[in-house]
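Each number in the working numbering comes from the position in the sequence shown (counting from 1) with 203 added on.
Each residue gets a CB set at the ideal place from its N, CA and C atoms; glycine is no exception.
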Amino acid sequence: RHGRKLSHVQFGKRPYLQDEYASSAFTSYFDESLKKQSIAPESAILFSELLLSKQSSGEFFELEPFNYMLGPSMEIMIQSGARFPPCMRKVDSMPSDQRYICLHTMTQNPVIDITDPRLLNSTCSLSTICGMTTFHQYRVPDQTYRLLSPLFIHTGLVHLSINIALLFMLGSRIEQKINTLRFTLLFLGSGVFGHALGANLSPPTTPFLGCSSSLFGLMGFLYVDLILNWKQ
204 RHGRKLSHVQ
214 FGKRPYLQDE
224 YASSAFTSYF
234 DESLKKQSIA
244 PESAILFSEL
254 LLSKQSSGEF
264 FELEPFNYML
274 GPSMEIMIQS
284 GARFPPCMRK
294 VDSMPSDQRY
304 ICLHTMTQNP
314 VIDITDPRLL
324 NSTCSLSTIC
334 GMTTFHQYRV
344 PDQTYRLLSP
354 LFIHTGLVHL
364 SINIALLFML
374 GSRIEQKINT
384 LRFTLLFLGS
394 GVFGHALGAN
404 LSPPTTPFLG
414 CSSSLFGLMG
424 FLYVDLILNW
434 KQ
């Protein structure tokens, strides 16, 4: 699991003006990329994230501050489905009934005075910042699928390559031993449980993403198998 602090954003609250719902353009990018390319889901999703980053900031990779994983900013990760508790449940440090400075505003000008009256027309609801799907109930964060979606999202090319290499090394052996269905349940179950635990223990406004929790679950399986079959 990889987590990085928001680069361009210190979420500044503004008085509530008018709520709006605007889901991320990530969904359309993802659909198109899957139609045009027969590649692994993780690679297709990362490609979609880079396209969204290019559209919103003019850069495929985050350059300031530099993303050493060679990927987009964490703002893009949030709108792509990273584990971000304020989008999943009520968080005291980021209430859903407040207005926040829009991410694209911070990207264009990292140094912003939140008392500037010009920002009154540049504020966004929490639902807009989260992207993906809209909240089903008015101002009630409910994107619980973010316990699953981070397993397929990565910080960048380096992060993706490392996870794919480890998954190939560990997964091929385990899948041969317990069959594909059980392997899938082990991978997803470990990943969801790991992100559920992290969502309750980690800083609530720090996004996390990656399938490291699933990889640790696979490692745990191998250790248990080694202990049970030590004498064999």
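Inter-residue spacing [alpha-carbon to alpha-carbon] between residue i and residue j
i    : j    : result
L255 : P289 : 22 Å
Q340 : R292 : 12 Å
F183 : K434 : One cannot answer for residue 183 here, as it falls past the ends of the chain, which runs 204 to 435.
T438 : K257 : The first residue shown for the chain is 204 and the last is 435, placing residue 438 beyond what the model contains.
S296 : F287 : 12 Å
I430 : P410 : 35 Å
M422 : L370 : 10 Å
K239 : V395 : Caution is warranted here: a pLDDT of 40 is assigned to K239, below 50, making its placement in the model unreliable, and no coordinate value can be reported.
R376 : V343 : 43 Å
G392 : S416 : 9 Å
F355 : F390 : 12 Å
F269 : S251 : 20 Å
L384 : F424 : 15 Å
M335 : N432 : 45 Å
Y271 : T408 : 21 Å
Y245 : P406 : A small fix is needed here, since residue 245 is Glu in this sequence, not Tyr. C-alpha separation (whole angstroms): 26 Å.
I248 : L350 : 16 Å
V294 : A399 : 15 Å
E378 : M372 : 11 Å
A368 : Y426 : 19 Å
C-beta atoms of residue i and residue j nearer than 9 Å
i    : j    : result
S260 : S276 : yes
T326 : R302 : yes
A285 : S352 : yes
D345 : K380 : no
T358 : L418 : no
L360 : L273 : yes
L329 : S299 : yes
C305 : I332 : yes
G401 : G420 : no
N366 : C414 : yes
The ligand SAH heavy atom lying under 8 Å from the CB of residue i
i    : result
R342 : No copy of the ligand SAH occurs in the structure displayed, which carries no ligand at all.
Run of the beta strand (DSSP E) containing residue i, from where it starts to where it stops
i    : result
R302 : R302 to I304
Sheet register partners of residue i (DSSP bridge)
i    : result
R286 : F411
T326 : I304
L255 : Paired residues: none, contrary to the question.
Q340 : V343
F269 : L266
Range covered by the alpha helix (DSSP H) that runs through residue i
i    : result
P353 : Segment: none, P353 is in no alpha helix (DSSP H) and carries neither H nor E.
M372 : L360 to I381
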